[in-house]
Every structure is written in C-alpha cells, then in structure tokens.
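Numbering (the working numbering), first residue to last: 96 to 239.
Here a beta-carbon is modelled for each residue, glycine too, at the ideal position from N, C-alpha and C.
Single-structure report; data block below.
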C-alpha cells in the first residue's frame, strides 16, 4: 500500500475508536498485532504491552471502564514507508478519582498488507498516573 492508503487505514481506525466500534477496530489490526501504551500498568491500568486481538479487546474494555474520554483529537498525520505517525491531544476524566487531564500524545503505527501490525502510544504518563492516584491534597496542589 502507498502512504496515502496507510493514512486512510489509520483515519478509519480513529473513526472506529470514536464510535466505540471494537469489531471495526480489530478488523484494522493484524491477528498478531503488538500494541504498547508506554507506562507502567500499576500506575495506569491500560498501560503496558498487548499482543493479539484478545488482549486488544481487554485493552479497550479497560479504557472504557476506567476513563471517560471528553475529547480525542488527532491533529497531524504523517506517513513514511509503512509507518504512520499521528500527533494529537485528548482530555479525559479518570472515573475512580474524578480527575480531568489534558494530554498531548504521539501514536506510531506500522502497517503490513493494509493492517496495523504494531502501535506505540506515547503520553505524559506521569500526569496520567497522578490522575489515577489523585487525593484531595493533589487536587489542591493542581488548582493552585
């Protein structure tokens, strides 16, 4: 596939994510997809590596159970060879702490035969971890 076709695959993947359409998301991934949300799972429940469709279903379920996505905005999409880099921003609310967080992010996709075979997600993991472990003291510090 050419770079424009790869960009279209990623665009469709984001649209499926926005709709909450897990079957369409999985259809965009290879069966043996490797997906890494950089961070420690003990700090952010959906951080860490995933492999294959079954683990990806658990990944998306964990996101749905732990946060409300208030905004999810890809801003720049760049393709080079079989890779697509997307820079964006999101706003989320952690359900367990009610903390709202804004974070810029970068997603790097590798495509193989028109499907995503590898994903690396980079966020401000320290800020997300703090939102998951927030206490009243942290909330007061953040407001100051």
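Leaving aside the five residues before and after residue i along the sequence, list all residues of the same chain whose C-beta is less than 6 Å from its C-beta, in chain order.
i, result
"residue 244", "Outside the displayed range of the chain (96 to 239) lies residue 244, so it cannot be described from this structure."
"residue 111", "119, 120"
"residue 218", "198, 200"
"residue 105", "179, 204"
Would residue i pass as a contact of residue j if the rule is Cβ separation under 7 Å?
i, j, result
"residue 170", "residue 187", "no"
"residue 220", "residue 115", "no"
Note down, in chain order, each residue of its chain lying with its Cβ closer than 8 Å to the Cβ of residue i, except the 5 sequence neighbours on either side.
i, result
"residue 136", "142, 143"
Here's the rule I'm using: 16 or more other beta-carbon atoms within 10 Å means buried, otherwise exposed. How should residue i be labelled?
i, result
"residue 145", "buried"
"residue 166", "exposed"
"residue 122", "exposed"
"residue 132", "buried"
Where does the unbroken beta strand (DSSP E) through residue i begin, and where does it stop?
i, result
"residue 169", "162-175"
"residue 191", "Premise fails: residue 191 is in no beta strand (DSSP E) and is neither H nor E."
Residues in the same chain with beta-carbon distance under 7 Å from residue i, minus the five sequence neighbours each way, listed in chain order, please.
i, result
"residue 229", "192, 194"
For the alpha helix (DSSP H) that residue i lies in, which residues bound it at each end?
i, result
"residue 220", "220-227"
"residue 111", "98-114"
"residue 87", "With the chain represented from 96 up to 239, any question about residue 87 goes unanswered, as that position is not in the structure."
"residue 136", "Residue 136 -> no alpha helix (DSSP H), and no H or E assigned at all."
Rounded to whole angstroms, how far is the Cβ of residue i from the Cβ of residue j, which I believe are closer than 8 Å?
i, j, result
"residue 213", "residue 128", "7 Å"
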